[in-house]
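Residue numbers (this note's numbering): 1 to 98.
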């Protein structure tokens, strides 16, 4: 089993994710091998909250030029949207951003 900090790589601080923070919906970049249950346990352990739902998606790599016109791809990564329960406290990290 992975350590919680190996599952949750970083929070995503975009306009869309900040708009969801008001409804207790948060976005994170997670390890590509992590499942929904591992993500749920990691968020509950790191932030001390109760998770209601986890939705995940894999973001495909983009085509980029790698010098002299050679094609290449950026890496694929996995995104998780985490929704907290109604009685759960909000995640403090995101509170200063909104």
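Note that CB positions come from ideal geometry on N, CA and C, so glycine has one too.
Best match in 6, 63 and 26 for proximity to residue 15 [C-alpha to C-alpha]: 26
Span separating the alpha-carbon of residue 40 from that of residue 68: 44 Å
Best match in 11, 90 and 28 for proximity to residue 55 [C-alpha to C-alpha]: 28
Cut-off 8 Å between Cβ atoms - residues of its own chain near residue 45, not counting five sequence neighbours on either side: 4
Spatial neighbours of residue 83 in its chain, beta-carbon cut-off 6 Å, leaving aside the 5 residues before and after: 25, 52 and 53
Residue 40 - DSSP class collapsed to helix/strand/coil: helix
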